[in-house]
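Take the sequence shown: its letters are residues 2 to 171, numbered as in the working numbering.
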Amino acid sequence: YIVAGVTTSNDGDVTGNHGGEDCWVVKLNSTGNIQWQKTYGGSLRDIASFIIQTLDGGYVLAGATKSNNGDVSGNHGDFDCWIVKVNAIGTIQKQKTIGGTDIDVSHKIVQTLDGGYLITAATSSINGNVTENHGDFDCWIIKVSSSGVLQWQKSIGGSSSDEAFCTLEL
2 YIVAGVTTSN
12 DGDVTGNHGG
22 EDCWVVKLNS
32 TGNIQWQKTY
42 GGSLRDIASF
52 IIQTLDGGYV
62 LAGATKSNNG
72 DVSGNHGDFD
82 CWIVKVNAIG
92 TIQKQKTIGG
102 TDIDVSHKIV
112 QTLDGGYLIT
122 AATSSINGNV
132 TENHGDFDCW
142 IIKVSSSGVL
152 QWQKSIGGSS
162 SDEAFCTLEL
């Protein structure tokens with residue numbers, strides 16, 4: 002089993018907190034014993050929303066970060082969507098922040114047939130990686146390659162708050 006969440010702890014079962022809220026990933030065996038645990042983030046708020054196992058046996062975590070230090074680089078301002086690819090034992094292989102100067106948060110991620118990722122998110126930005134906003138929060142769909150290159154993004158919504166929380170590749 003793999004579990005992703007948030008921690009402010011740095012004792013007990015939690016080690017390696019970077020400060021404030023960190024993403025916390027715990028790998029459990031079939032009887033619930035911890036095989037490994039890792040914290041990811043920087044000195045500000047880092048939140049894990051979703052985690053999946055990837056085709057190579059590693060994992061990819063989707064969430065949001067306010068940090069721009071520690072494990073995080075490239076933040077555009079406020080919360081950015083944060084995608085973290087780790088190997089089978091939780092070591093970071095790559096990370097990517099996607100967003101603008103306002104609030105951008107990932108909700109779900111799926112691996113696509115080409116090895117890339119489709120991310121369901123919400124954005125209130127209109128700059129940086131975000132090219133359109135209809136008002137307040139928009140549903141934001143993001144496609145990145147397996148190497149983390151932003152391939153395309155699309156904001157969908159109206160003048161009020163619009164968010165999507167799930168995606169399924171058909």
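We treat Cβ as the ideally placed atom computed from N, Cα and C, and that holds for glycine.
- Comparing alpha-carbon positions, the option among Gly100, His108, Gln36, Ala123 lying closest to Gly91 turns out to be Gln36.
- Secondary structure note for Ile3: its beta strand (DSSP E) is the uninterrupted segment 3-8.
- Between Asn70 and Gly43, the gap from beta carbon to beta carbon is short of 8 angstroms.
- Shown here, Phe166 sits in coil according to DSSP, grouped into three states, outside any helix or strand.
- The residue from Asn88, Ile93, Ala89, Thr102 with its alpha-carbon nearest to that of Cys82 is Thr102.
- The distance from the Cβ of Ser156 to that of Thr124 is about 6 angstroms, consistent with a contact at the 8 angstroms cut-off.
- Excluding the 5 residues flanking it on each side, Ser68 has same chain C-beta neighbours closer than 7 angstroms at Gly42, Gly43, Ser44, Leu45, Asp47, Asn76, in chain order.
- Excluding sequence positions up to five before and after Phe51, its CB lies within less than 6 angstroms of the CB of Ala63, Lys109, Ile110, all in the same chain and listed in chain order.
- Beta-bridge pairing by DSSP links Gln112 to Tyr118.
- The Cβ atoms of Ala89 and Val106 do not sit closer than 8 angstroms to each other.
- Just so you know, the alpha carbons of Asn11 and Leu29 end up roughly 19 angstroms apart.
- By the Cβ-count criterion, Thr98 is buried, with 16 or more other Cβ atoms from all chains shown falling within 10 Å of its own Cβ.
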